[in-house]
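Chains as they are written, first to last, in our numbering: chain F, 1 to 246; chain Z, 1001 to 1246. What follows is one structure encoded as C-alpha cells, with my remarks underneath.
Protein chains: 2
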Amino acid sequence: MNAPTASVSLNNIKVACSQCNLRELCLPVGLTEQEFSKLDALVGGRRKVKRGQSLYRAGDPFEAIYAIRTGFFKTDLLLEDGREQVTGFLMAGEIMGMDGISNEAHTCNAVALEDSEVCGIPYAMLEQLQQEIRALQHHFYKVMSREIVRDQGVMMLLGSMRAEERLAAFLLNLSQRFTARGYSPTDFHLRMTREEIGSYLGLKLETVSRALSAFQESGLVNVQQKHIQIVDIDGMKKMLSRQANC
Amino acid sequence: MNAPTASVSLNNIKVACSQCNLRELCLPVGLTEQEFSKLDALVGGRRKVKRGQSLYRAGDPFEAIYAIRTGFFKTDLLLEDGREQVTGFLMAGEIMGMDGISNEAHTCNAVALEDSEVCGIPYAMLEQLQQEIRALQHHFYKVMSREIVRDQGVMMLLGSMRAEERLAAFLLNLSQRFTARGYSPTDFHLRMTREEIGSYLGLKLETVSRALSAFQESGLVNVQQKHIQIVDIDGMKKMLSRQANC
DNA sequence: AGCCCGGTTTGATCTGTATCAATGTAGGAA
DNA sequence: TTCCTACATTGATACAGATCAAACCGGGCT
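Have a look at this one:
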C-alpha cells in the first residue's frame, strides 16, 4: 500500500511569488509591492509530485489551479476503451488546471513526467483577488486565452499536417519554450517517451521514431535517445511552411 | 466593388440582454434587475453578417467578443500553403472571439455559414463590468474554460479516433446542441459543406461522404444532402464507446 | 561484472484514408 | 423551362502511417 498520498500531500512552506524567479512567466508585470504581498498570501502552498504521480485526475473536484515551479507534466484524456490522448506538455512557469473551472471538476489527468513541484492557487481566492488587482484579472484572462490559442494550434497540427510536419512543429515549440526559460534552443532532453509524443501528435510511437531518424538522416537533428540536438533550425522551420507535396 | 463592409457595419439598435431569449445560454443565471441594466448598457450593438462574410479575420485587432443571436459560424485557421483547418462551428447563444484576448489580435477567422446576427461586447468594458458584477466574472471564466474543454475533446477526436467515430461524435454533438436550443435532437440541417466537416474532423470530404453513406447503409441515419435524420441515436453512441477494432 | 526491463529502432507487411476521376443532384439565374 | 454551378456521391487506385515482429540499447539492480 505504498499510497502516493504521502509524497504528494500539501506542505505549508509558504511560497512567495514576489521572490519567485519564474514570476515573469507566470504573473503580470508591474505589480506593486502591496499587490505582491496580497498574492503571496493567496498562494496556497507548494506540493511535490513525484515522477509518474498524478497532480489531479479527470473527475477530481476542482479547487485550485497550479503553477509549475519545477519539473514537467503531461495532461491527458482516457477513452473508455483505454485509448489515451495526451493533450499537452507543461513546463516550469506554466499554469495548469483551467479545464476544471467550467464543471467544477477536472476533465483531464495531470501526470508528472519528472519529480516536480507546483504552487497551488485556490481558485475561489483567485477570483476574489482579481476584484482587488485589475492587472491580475487581465493577466489571467490572457493566460486562458493563450491556452485556447495553443489548442487551436494543436488542432491545426492534428487535422492538417503530415507526420514529419507535426514532429517539426513539436520540436520547434519545445525549443522556443526552453529558450524562454534560459535553456539552449538547440540542445535539450525530452522528458516524455516516444509513445507520449505520438499520442500528443496523433501518431504511433514507431512513426515518431522513424520521423526522428529521417530528420537525423537529412542532417536536421542529432538524436540520441531522449537527448535532442537541433542542427538546422531553419531547415526545420522550412518543413512547416513548404507545400504538402514536395 | 462589392466591399463587404456595407452590410457588416455596426448598427446602433440597442440590444437588451434582459429581453433576449438566449440569455440562459449566454449569461449567468440570477442577475438582478440592476445588474441586467448595467449589462444592457455594455453590449455594444448588433451586427449583421451575411453568409460567407467574415465577422473577424486572423490578425484583426481584438476589440470585442461576440455572442451569436441568430445564425451559424465557423472559425478556421489558414496555413501559408492554403491548407485550412476549421476549429469550430458555433450556433446561437454561443460566444466567439476569446482567442483574441491573449495577443490583442484575433488568431482565427470567423465566417458566417448563414445570414447571422451577433452582439458585440467590447472587451475593455466587459473586464470593467466584471469588477462590479461578480457573477459575470465567474460566468465568463466558465465560458472560457468550457472552450478549453471543448478543444480537448476535439484533440481526442483528431488524435485518437477513426473516421466513423469522428463523424458519430460530431453528429451527436450537434444533436445535443440543437436540443439545448429547442430543436429536434434527431432532425437537423447541416449548415456546412462536407469539405468543412472534413476539415474540422481531419478528414477529406470524400471520406465524410462515405462515412455518412455507411451510417445510412447500417440504418443509423437518413441523409439527404444537408438534411440529417438520426434514426438510431443509441447505435450512434455505441460507435464511440466500442473498441477500436470490432 | 551480468542481467533485466522499459524504452527505442528498424524492417516487412497491411490497411484506412487520401487521391484521382467520373457521375449525380439540387437550387438559382436567365 | 433549361442551363449553370456548387456540392455530393461513388468507384478505382495509391500511399502514409499503422501494425506486427524482431533486434537493440542503456540504466538500474544484484
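All C-beta atoms, glycine included, are put in the ideal place defined by N, C-alpha and C. Please read all numbers here as calculations on a predicted model, not as lab measurements.
At least 8 Å separates the CB of G1044(Z) from every CB of chain F. Residues of the segment 140–165 of chain F with a C-beta less than 7 Å from any C-beta of chain Z: Y141, K142, M144, S145, R146, E147, I148, V149, D151, Q152, V154, M155, M156, L158, G159, S160, listed in chain order.
For G52(F), the closest C-alpha among the options Y66(F), F170(F), A112(F), G120(F) is that of A112(F). E1080(Z) has a beta carbon lying within less than 8 Å of a beta carbon in chain F. Taking 7 Å as the upper bound on Cβ-Cβ separation, chain Z lies near no residue of the segment 173–192 of chain F.
Our two residues, D115(F) and L90(F), have alpha carbons roughly 13 Å apart in a direct line.
Within the DSSP bridge table, the entry for H1227(Z) names H1189(Z), Q1224(Z) as partners.
D232(F) sits in coil when the DSSP states are folded into three classes, being neither helix nor strand. Annotated three-state conformation of I133(F) is coil, per DSSP. Judged by DSSP secondary structure, C26(F) falls within the alpha helix (DSSP H) whose first and last residues are 23–26. Under the three-state reduction of DSSP, Q85(F) is assigned to strand. Within the segment 1136–1191 of chain Z, complete alpha helix (DSSP H) segments of at least 4 residues are found at 1163–1180, given in chain order. Taking the Cα of Q1224(Z) as reference, the smallest distance to any Cα among A1092(Z), G1235(Z), R1194(Z), L1126(Z) is reached at R1194(Z). Within the model, the alpha-carbon separation for K226(F) versus Q85(F) is close to 21 Å. For R1194(Z), the secondary structure class from DSSP, reduced to helix, strand or coil, is helix. Not one beta carbon of chain Z lies nearer than 8 Å to the beta carbon of G30(F).
Sequence-distant Cβ neighbours of L1158(Z) in its own chain, meaning closer than 8 Å and more than five residues away, are R1166, L1201, G1202. By the Cβ-count criterion, A1180(Z) is exposed, with fewer than 16 other Cβ atoms from all chains shown falling within 10 Å of its own Cβ.
Inter-residue distance for N1109(Z) and Q1137(Z) is about 26 Å (C-alpha atoms, whole angstroms). For the pair of segments examined, the segment 1057–1067 of chain Z was found not to touch the segment 92–111 of chain F: the number of CB pairs separated by less than 8 Å stays below three.
Distance from the CA of A1163(Z) to the CA of Q1034(Z), rounded to the nearest whole angstrom, comes to 50 Å. The closest CA to that of N1103(Z), considering only V221(F), V143(F), V118(F), is found on V143(F). Close CB contacts of V231(F) within its chain, under the 8 Å cut and outside five residues either way in sequence, are with T186, G219, L220, V221, N222 (chain order). DSSP, reduced to helix, strand and coil, places E1206(Z) within a helical segment of the structure shown. The beta-carbon of L90(F) is placed no less than 8 Å from the nearest beta-carbon of chain Z.
Between R1057(Z) and A1214(Z), the alpha-carbon positions lie close to 36 Å from each other. Contiguous beta strand (DSSP E) elements confined to the segment 28–103 of chain F occur at 45–49, 54–56, 64–78, 84–91, taking only those with 3 or more residues.
The beta-carbon of L77(F) is placed less than 8 Å from the nearest beta-carbon of chain Z. Taking every protein chain shown into account, the CB of A1211(Z) has 16 or more other CB atoms within 10 angstroms, so this residue is buried. Counting only residues of its own chain and dropping the five nearest sequence neighbours on each side, Q229(F) has a CB closer than 7 Å to the CB of T186, D187, V221, N222. Residues of chain F whose Cβ lies closer than 7 Å to the Cβ of I1101(Z) are, in chain order, Y141, K142, S145.
Rounded to whole angstroms, L55(F) and V49(F) show a C-alpha spacing of 7 Å. Between A135(F) and G44(F), the C-beta spacing is not below 8 Å. Taken atom to atom, the span from the alpha-carbon of I1197(Z) to that of I233(F) is near 35 Å.
Here I65(F) is near G97(F), since their CB atoms are less than 8 Å apart. The beta carbon of T70(F) is closer than 7 Å to those of A92, S116, E117 in its chain, skipping five residues each way along the sequence.
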